[in-house]
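In this note's numbering, the protein residues as written are 301 to 396.
Think of the CB as a built atom: it goes at the ideal place given N, C-alpha and C, for glycine as much as any other residue.
Written below as structure tokens is the structure these notes are about.
Right, here's the structure in full:
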């Protein structure tokens, strides 16, 4: 297993911060509007599709949401690693 360039305690702290930011993002007006639109479409689809089709759509939506969350977490951690590397290089530059 590859060793991460940060202490073990830092990953849970980043996960918590990521979850806090995701919650705050969900409260943004633009996101709330998109959520309402999506909920309306899902309600409409539930009335138009068979139960089997609707369940398949819900499963697809669940996988899509999970994939998006995994991608966002990966990007968040990659951005943090990039930021740490930039700070390290800047510190090294300033010490020269």
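Out of 390, 339, 384 and 325, point me to the one whose CA is closest to residue 415's CA. This structure cannot speak to residue 415, because the chain is shown only from 301 to 396.
Would you kindly check if the distance between the Cβ of residue 369 and the Cβ of residue 322 is under 9 Å? yes
Does DSSP put residue 306 in a helix, a strand or coil? coil
Please specify which runs of the beta strand (DSSP E), each continuous and at least 3 residues long, are wholly inside the segment 356 to 394, giving them in chain order. none
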